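Chains as they are written, first to last, in full-length UniProt numbering: chain A, 1 to 190; chain B, 1 to 190. Below is one structure, written out as structure tokens; comments come after it.
Number of protein chains: 2
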Amino acid sequence: MKDLLRAHFEKIITLTDSEFEYISSHFTHKKLIKHQFLIQEGETVKNEFFVLKGCLKSYMIDSDNKMHVLQFALPDWWISDYHALYKQVPSSLYIDPVESAEVLVISLEDKEKLCNELHKVEHFFRKKTNLGYVGLQQRVLGLINTDARDRYEQLIKQYPALFQMVPKQLIASYLGVTRETLSRLYKNPK
Amino acid sequence: MKDLLRAHFEKIITLTDSEFEYISSHFTHKKLIKHQFLIQEGETVKNEFFVLKGCLKSYMIDSDNKMHVLQFALPDWWISDYHALYKQVPSSLYIDPVESAEVLVISLEDKEKLCNELHKVEHFFRKKTNLGYVGLQQRVLGLINTDARDRYEQLIKQYPALFQMVPKQLIASYLGVTRETLSRLYKNPK
Numbered sequence: 001m002k003d004l005l006r007a008h009f010e011k012i013i014t015l016t017d018s019e020f021e022y023i024s025s026h027f028t029h030k031k032l033i034k035h036q037f038l039i040q041e042g043e044t045v046k047n048e049f050f051v052l053k054g055c056l057k058s059y060m061i062d063s064d065n066k067m068h069v070l071q072f073a074l075p076d077w078w079i080s081d082y083h084a085l086y087k088q089v090p091s092s093l094y095i096d097p098v099e100s101a102e103v104l105v106i107s108l109e110d111k112e113k114l115c116n117e118l119h120k121v122e123h124f125f126r127k128k129t130n131l132g133y134v135g136l137q138q139r140v141l142g143l144i145n146t147d148a149r150d151r152y153e154q155l156i157k158q159y160p161a162l163f164q165m166v167p168k169q170l171i172a173s174y175l176g177v178t179r180e181t182l183s184r185l186y187k188n189p190k
Numbered sequence: 001m002k003d004l005l006r007a008h009f010e011k012i013i014t015l016t017d018s019e020f021e022y023i024s025s026h027f028t029h030k031k032l033i034k035h036q037f038l039i040q041e042g043e044t045v046k047n048e049f050f051v052l053k054g055c056l057k058s059y060m061i062d063s064d065n066k067m068h069v070l071q072f073a074l075p076d077w078w079i080s081d082y083h084a085l086y087k088q089v090p091s092s093l094y095i096d097p098v099e100s101a102e103v104l105v106i107s108l109e110d111k112e113k114l115c116n117e118l119h120k121v122e123h124f125f126r127k128k129t130n131l132g133y134v135g136l137q138q139r140v141l142g143l144i145n146t147d148a149r150d151r152y153e154q155l156i157k158q159y160p161a162l163f164q165m166v167p168k169q170l171i172a173s174y175l176g177v178t179r180e181t182l183s184r185l186y187k188n189p190k
């Protein structure tokens, strides 16, 4: 299962076998069943997760008990509550799998240690964070663009695999539209 | 004016005088008058900007010609269209000062060079991007939380200085509320 992690690192940096062995020794493997939380609101967050199988979602629950999806994470993606992780404040999010899933877990402490020990690992994580930042920028632009059809078309274009893996109800929550609006968008493509 | 830049780096890393001289030699100083664009929609983006004075805003213009503010940048903050910069696609944003402003400019090419040459500079920018990511995560949560009062209170708490520097109309655009709704929030604090 660590082949996926190595391929993931080697998209950006080159690693010797012994370097990869050393890096991967800081990860632990975890299987999750549906509804098994990785993070719950109010908790302290110490870890970051690399998705091997399945799809995870991070979301908030508002004061009316309504769920709002912040992010989906498919295989080869990272997920955590980064606000809670980096600022060491209690989590404002829940993270759990859409169906069953498998992840590799690394603690913030070990990630920082690896970044400190190996310049190229620091380079890798800077580049990954840049891409995460860009993804979030697009997420904000999607949210402030008031046209639901544009948001929907952009999501299909950006992440086609999501539509196979995630129930329509969660896609609607991510897009900030009702289930009925989403059905209309499906039935009447541009 | 480069004292602010040095202090900014030294919040995270320690630099010798010669290291800082070398780093700062990659920045150029730029004064901006109101409405002078740093970035316009459709342009290629090659640079990132560190704010010395004033306040910059990045925003999109939607198909109804309505402005939506993505981000404000006060002194000691960075701003660019990172999607356009990192993915080398045309910008979807405009960036200009709220009033006059001063920035330091660094090209992506020079930033990558510095990160490659000096591990601690790479460390610095990884940490800064982490914080930028966290800021955007909070921005998304603010947008998907439907309660305008919560969004308003969170912004006041997070960035009190904004309310002195930025016209109410731009604050309303950032929060995604009308000017009238914002006035009601001002007049009736919790």
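Idealized CB from N, CA, C, for every residue including glycine. Keep in mind that this is a model prediction, so the values were computed, not measured.
Item                                                                                                                                                        : Value
Could you have a look at B/Ser-63 and say whether DSSP puts it in helix, strand or coil?                                                                    : coil
Assign A/Val-134 to one of three DSSP states: helix, strand, or coil.                                                                                       : helix
Which of the three DSSP states, helix, strand or coil, is assigned to A/Val-89?                                                                             : coil
Would you verify that the beta carbon of A/Asn-130 is, or is not, closer than 8 Å to some beta carbon of chain B?                                           : yes
Output, in chain order, the set of chain A residues within a Cβ distance shorter than 8 Å of B/Lys-87.                                                      : Val-134
Nearest CA to the CA of B/Asp-17: which residue from B/Lys-2, B/His-29, B/Lys-31?                                                                           : B/Lys-2
Hey, which unbroken runs of the beta strand (DSSP E) at 3 residues or more fall wholly within the stretch 68-119 of chain A?                                : 94-97, 101-107
Ordered along the chain, which non-local residues of its own chain (more than five positions away) have a Cβ less than 8 Å from that of A/Leu-15?           : Arg-6, Phe-9, Ile-23, Lys-120
Check whether the stretch 67-75 of chain A and the stretch 137-144 of chain B touch, using three or more Cβ-Cβ pairs below 8 Å as the test.                 : yes
Is the distance from the Cβ of B/Leu-108 to the Cβ of B/Ile-39 below 8 Å?                                                                                   : no
Going by DSSP, what residues sit across from B/Leu-32 in a beta bridge?                                                                                     : B/Ala-101
By the DSSP assignment, the beta strand (DSSP E) with B/Phe-49 in it spans what residues?                                                                   : 47-53
Near B/Lys-53, which residues of its chain fall below 7 Å by C-beta distance, leaving aside the five closest residues on each side in sequence?             : Pro-75, Ala-101, Glu-102
Residues of chain A with a CB under 9 Å from the CB of B/Tyr-82: which are they?                                                                            : Asn-130, Tyr-133, Val-134, Gln-137
Going by CA-CA distance only, name the one from B/Glu-112, B/Asn-116, B/Leu-114, B/His-123 that's closest to residue 226 of chain A.                        : With chain A covering only 1 through 190, there is no way to say anything about residue 226 of chain A.
Counting pairs of beta carbons, one from the stretch 75-88 of chain A and one from the stretch 50-66 of chain A, are three or more of them closer than 8 Å? : yes
The ligand SAH and A/Leu-131: does the residue's C-beta get closer than 7 Å to at least one heavy atom of that ligand?                                      : Judged by which ligands are present, the structure shown has none, so any question about the ligand SAH falls away.
Confirm, please, whether the CB-CB distance from A/Asn-47 to A/Ser-80 is below 8 Å.                                                                         : yes
Look up A/Lys-57 in the DSSP assignment and give the residues it is bridged to.                                                                             : A/Phe-72, A/Asp-96
DSSP state of A/Ile-13, grouped into three classes?                                                                                                         : coil
Let me see if you follow: with CB-CB separation under 8 Å, is A/Gly-42 close to chain B or not?                                                             : no
Near A/Lys-128, what residues of its chain come up, given a Cβ to Cβ distance below 8 Å and the 5 sequence neighbours on each side ignored?                 : Ile-12, Trp-78
Going along chain A in order, which residues have a C-beta closer than 8 Å to the C-beta of B/Glu-153?                                                      : By Cβ distance, chain A contributes nothing, its closest Cβ being about 13 Å from B/Glu-153, past 8 Å.
Are the beta-carbon atoms belonging to B/Pro-97 and B/Leu-32 less than 8 Å from one another?                                                                : yes
Return the CA-CA distance between A/Lys-30 and B/Gly-176, expressed in angstroms with no decimal places.                                                    : 40 Å
Of the choices B/Tyr-186, B/Phe-125, B/Leu-4, B/Val-134, whose alpha-carbon is the least far from that of B/Arg-149?                                        : B/Tyr-186
Compute the Euclidean distance between the alpha carbons of A/Leu-188 and A/Lys-157, then round it to the nearest angstrom.                                 : Inspection of the sequence shows that residue 188 of chain A is occupied by Asn rather than by Leu. If I take the Cα positions, the gap works out to 16 Å.
For B/Tyr-174, tell me which candidate among B/Lys-66, B/Ile-106, B/Tyr-133 has the shortest Cα-Cα distance.                                                : B/Lys-66
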